[in-house]
Amino acid sequence: MVLGMRGVVIKSNKNAKVTSRGVEATNWQQYKEEHAQALRALQALPIKSDSNKSRG
Amino acid sequence: MERIVVVAVCGYVYLNLRNLRSGRYLARDSGWELVYKSFLYGSFHIALAYGVWRLIHLVSPSFAVDLRDCAATAFGEENVLLALAAGALPLVVLTANLGTSRLLMAIRAAMNVGYTDKLREMPQRFRDALRGENEMLLAPSSALWQCLYENVGQMVLVTLESRKVYIGFLSQVELREYVPFDERTLTLILIKSGYRNPDTLAVEYTTNYKDVDISLTLFVRHVVSLSPYDIEADSHFARQRS
């Protein structure tokens, strides 16, 4: 836990790094490998059939 | 009159050199802000020059008098007073325009260019929060920023004002305090997207982003709600509905 400068208590985030773009995640590849199964399951959930017409 | 012009030109040249050097050229000032800042920086540098001149005067009066003869018009004693007066005006106007807190913030941001040195002096708990090299990050001050910060590197579900819904990996969020709220962005690596049904507001998915890393950058101001995404909870609700 970290006490923010305005007295707000926040959890410190080990995956976050401050860069010139703000706060960036450093763990995408790792996350993808660790949660490969869950991500596949998520993308296997049914979607509406007329999906790709409105894509973009 | 020409003395005021000297101040303005001095500040203008300084501002432009600084913008060119630091790659901020596209974010350069314009309009009245440029005028105010020209006077502000111009008067600051002329006051600085006057200070240096006084120092030289202390060390070697004769050399200083020679210098004064060389720079008779620009750095004379009366001109410095004038420059200080010209500097106070834009400061007042800037304060009125930006509000004191934003002005202080801007000054603090300007002073934080060499932030790494200051970071060393900070207590450990701040360093944990500000794990950065040379950018200033203030810890989130509201629940939204807190939620954004804590979910960097996690799956999130984002609903936009247009009822569009994105599920993705939160890969970037702008939290540096000197970036205005309207310009703050967040980036998702998309997993799924869809929309909220106008009648029930339940999420209906329309697109899967299989095996591709598509990143999408959004303005935080368009976000209506953001929550950490839990696939098990989602399939539980999906079962409930069907």
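Protein sequence lines correspond, in order, to chains A and B.
So the first sequence is numbered by my numbering: it starts at 1 and just counts up by one.
So the second sequence is numbered by my numbering: it starts at 1001 and just counts up by one.
Where a beta carbon is used, it is the ideal one built from N, C-alpha and C, also for glycine.
Residue from B:PRO1180, B:LEU1157, B:ARG1184 with nearest C-alpha to B:SER1193: To locate residue 1193 of chain B, count along the second sequence from 1; it is residue 193. Looking at the Cα atoms, B:LEU1157 is the closest of the given residues.
A:LYS32 - containing alpha helix (DSSP H), residue span: Start at 1 with the first residue of the first sequence, and residue 32 of chain A comes out as number 32. Taken as a continuous stretch (DSSP letters only), the alpha helix (DSSP H) holding A:LYS32 covers 28 to 34.
Minimum Cβ-Cβ distance from A:GLU24 to chain B less than 8 Å: Counting from one through the first sequence, the residue named residue 24 of chain A turns up at place 24. True, the Cβ-Cβ gap to chain B drops below 8 Å.
B:LEU1015 burial status per 10 Å Cβ neighbour count (16 or more: buried): Translated into positions along the second sequence, residue 1015 of chain B becomes position 15. Flag for B:LEU1015 reads buried.
Contacts of B:ARG1176 in chain A (Cβ-Cβ under 7 Å): Counted from its first residue, the second sequence places residue 1176 of chain B at position 176. By Cβ distance, chain A contributes GLY22.
C-alpha distance - B:ASN1151 paired with B:LEU1170, whole-angstrom precision: Looking up residue 1151 of chain B in the second sequence gives position 151. Looking up residue 1170 of chain B in the second sequence gives position 170. For the pair B:ASN1151 and B:LEU1170, the Cα-to-Cα distance works out to about 7 Å.
N-terminal and C-terminal residue of the beta strand (DSSP E) that B:TYR1209 is part of: The residue labelled residue 1209 of chain B in the question sits at position 209 within the second sequence. In the DSSP assignment, B:TYR1209 falls outside any beta strand (DSSP E), carrying neither H nor E.
A:GLU62 classed as buried or exposed, judged by whether at least 16 other C-beta atoms fall within 10 angstroms: Here chain A has residues from 1 to 56 only, and residue 62 of chain A is not among them.
Rounded Cβ spacing between B:LEU1216 and B:THR1187 (contact assumed at less than 8 Å): Here residue 1216 of chain B is taken as the residue at index 216 of the second sequence, counted from 1. Here residue 1187 of chain B is taken as the residue at index 187 of the second sequence, counted from 1. About 7 Å separates the two Cβ atoms, so the contact holds.
Reduced DSSP secondary structure (H/G/I, E/B, other) of A:ILE47: Counting from 1 along the first sequence, the entry for residue 47 of chain A is found at position 47. The answer is coil: DSSP assigns A:ILE47 none of H, G, I, E or B.
Below-8 Å beta-carbon distance, B:GLY1114 vs any chain A residue: For this step, residue 1114 of chain B is matched to residue 114 along the second sequence. Confidence in B:GLY1114 is poor, its pLDDT being 47 and thus under 50, which makes the residue's placement unreliable; the coordinate value appears in the next sentence. Answer no: the Cβ-Cβ gap between B:GLY1114 and chain A never drops below 8 Å.
Chain B within 8 Å of A:ALA36, Cβ atoms only: In the first sequence, counting from the first residue as 1, residue 36 of chain A sits at position 36. No, A:ALA36 does not count as interfacial toward chain B.
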